[in-house]
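Asker: What follows is a single structure, and I will ask about it in a moment.
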Amino acid sequence: MIEKGARRRPDVSDRRRKGESGREDPAGWGDEPRSSPGNPVVNGCERPDGRLEVRDPSAQACGDGRLLSPAANSLLPQPRSAYLHIPFCHRRCFYCDFPVVPLGDRADGASGPGAPSIRAYLELLHQEIDCSPPGPPLSTVYLGGGTPSMLTPLQVAGLLAALERRFGLVPDAEVSLEMDPASFDQPRLVGYLAAGITRVSLGGQSFDDRVLASLGRRHRRHHLLEAAGWLQQAQRAGDLGSWSLDLIQAVPLVGTAEAVGSLPPRGSCPPREAVLRHWRQDLEQAIALA
């Protein structure tokens, strides 16, 4: 017997533990089924004295206090994809409202400032993976953030190995890594690809150095072009399946060439034509990289 306290279905007392037919229902569930996909209590029932009679010795406790048997777990949706959030960044960009932890421009997963925090977080992430219910092999994995390219290739390989042990990966699974220019070099990229990364999402945001500075970005245009060149080489060599480039539309233009002579009053928006012209220039440069 497991103490259940005062946890009862809200409608039990209103129905005086009777079904719609008026017959006494010793289990206290009225005429409702005792299990359903939304409430799969298939391993026990609540007694009138507020205690739970366990019928399945293999039942497992859920976070909300319910006990689920393996049969109940089979009713839950099985994951086919996994997203791993890496919350660390060198700095917080001015536009960012994601849950991130800035560690400084010299931070890295291997050593330096912030390395102990990264290692402690990864230890917890491994524990969470190991405690997750097993399911079918994963078809997609996405490491986002934050700046996941602050992790070393060995740390990324360890996370992918943990997922493969717990779930497995389908053949040709897409494994994506978000990367920021200036957070990696070409040897580090080679290490990520060897660890199992098949797709890269490159956070470029803009080709304009003044815009990048106004956004609080750490990299500059030459970092972006250099990183894109490495990704192109890896894709042509067959080592990288695909990659994408993130750009931000309608960025502030204060201080840029497009805004000179037409700066709007403080607190107002820049001219629409200037914003569209700048966006078109960014798109043309992005297309030229394809």
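Here the working numbering is used: the sequence shown runs in plain steps of one and ends on residue 318.
By construction, the Cβ of each residue, glycine as well, lies at the ideal position given by its N, Cα and C atoms.
All values reported here derive from a predicted model rather than from experimental measurement.
Look at the alpha carbon of Gly140 and the alpha carbon of Ala302, and state the distance between them as a whole number of angstroms.
Answerer: Cα-Cα distance, rounded: 42 Å.
Asker: Quick check on His250: buried or exposed, where buried means 16 or more other Cβ atoms within 10 Å of its Cβ?
Answerer: Label assigned to His250: exposed.
Asker: When the Cα of Leu187 is compared with those of Val128, Ile114, Arg216, Leu252, which residue comes out closest?
Answerer: Minimum Cα distance to Leu187 is reached at Ile114.
Asker: Please return the same chain residues whose Cβ sits closer than 6 Å to the Cβ of Gly231, not counting the five positions on each side in sequence.
Answerer: Excluding sequence neighbours, Gly231 sits near Asp208, Asp274.
Asker: List the endpoints of the continuous alpha helix (DSSP H) containing Ile114.
Answerer: Unbroken run through Ile114 is the beta strand (DSSP E), 109 to 114; no alpha helix (DSSP H).
Asker: Does the structure place the region 152 to 163 close enough to the region 119 to 136 that three or more beta carbon pairs sit under 8 Å?
Answerer: Flag = no, the region 119 to 136 and the region 152 to 163 do not touch.
Asker: Do you know offhand how far Pro65's Cα is from Leu197's?
Answerer: Because Pro65 carries a pLDDT of 42, less than 50, the predicted location of this residue cannot be relied on, and no value is offered for it.
Asker: Which residues bound the alpha helix (DSSP H) around Ala11?
Answerer: Nothing in the structure corresponds to residue 11, since the chain is present only between 29 and 318.
Asker: Would you say the region 137 to 152 touches the region 259 to 269, given that touching needs at least three Cβ pairs under 8 Å?
Answerer: Too few Cβ pairs lie closer than 8 Å, so no.
Asker: Please report the Cβ distance between Ser109 and Thr180, rounded to the nearest whole angstrom; I am assuming they are in contact, meaning their Cβ atoms lie under 8 Å.
Answerer: Contact doesn't hold; Cβ gap of about 24 Å is too wide.
Asker: Of the residues Gln155, Ala135, Gly132, which one's Cα is nearest the Cα of Leu112?
Answerer: The shortest C-alpha separation from Leu112 is found at Gln155.
Asker: State the Cα-Cα distance for the pair Asp213 and Ala255, rounded to the nearest angstrom.
Answerer: Using only the alpha carbons, I get a separation of about 8 Å.
Asker: Leaving out five residues on either side along the sequence, give the residues of the same chain with a beta carbon under 8 Å from the beta carbon of Ile276.
Answerer: Excluding sequence neighbours, Ile276 sits near Tyr123, Gln233, Ser234, Leu243.
Asker: Going by DSSP, name the residue or residues bridged to Leu273.
Answerer: The partner list for Leu273 (beta bridge, DSSP) reads Leu230.
Asker: What are the boundary residues of the alpha helix (DSSP H) that Ala302 is part of?
Answerer: 300 to 316 is the extent of the alpha helix (DSSP H) around Ala302.
Asker: Can you tell me which of the three DSSP states Ser145 falls into?
Answerer: Note: Ser145 maps to helix in three-state DSSP.
Asker: May I ask you to report which of helix, strand or coil DSSP gives Val198?
Answerer: Correct three-state label for Val198: strand.
Asker: Identify every residue that forms a DSSP beta bridge with Tyr123.
Answerer: For Tyr123, which the question treats as bridged, DSSP gives no partner whatsoever.
Asker: Secondary structure at Arg62, three-state DSSP: helix, strand or coil?
Answerer: Summary for Arg62: the model assigns pLDDT 41, below 50, so the residue's position carries little reliability; its value from the coordinates is reported in the next sentence. Reduced to three states, the DSSP call for Arg62 is coil.
Asker: Rounded to the nearest angstrom, what separates Ala190 and Val184 at their Cα positions?
Answerer: Straight-line Cα distance between these residues: approximately 10 Å.
Asker: What's the call for Ala222, buried or exposed, on a 16-neighbour Cβ count within 10 Å?
Answerer: Its Cβ having fewer than 16 others within 10 Å, Ala222 is exposed.
Asker: Once the 5 residues before and after Arg120 are set aside, which same chain residues still bring their CB inside 8 Å of it?
Answerer: Contacts found: Val128, Pro130, Gly244.
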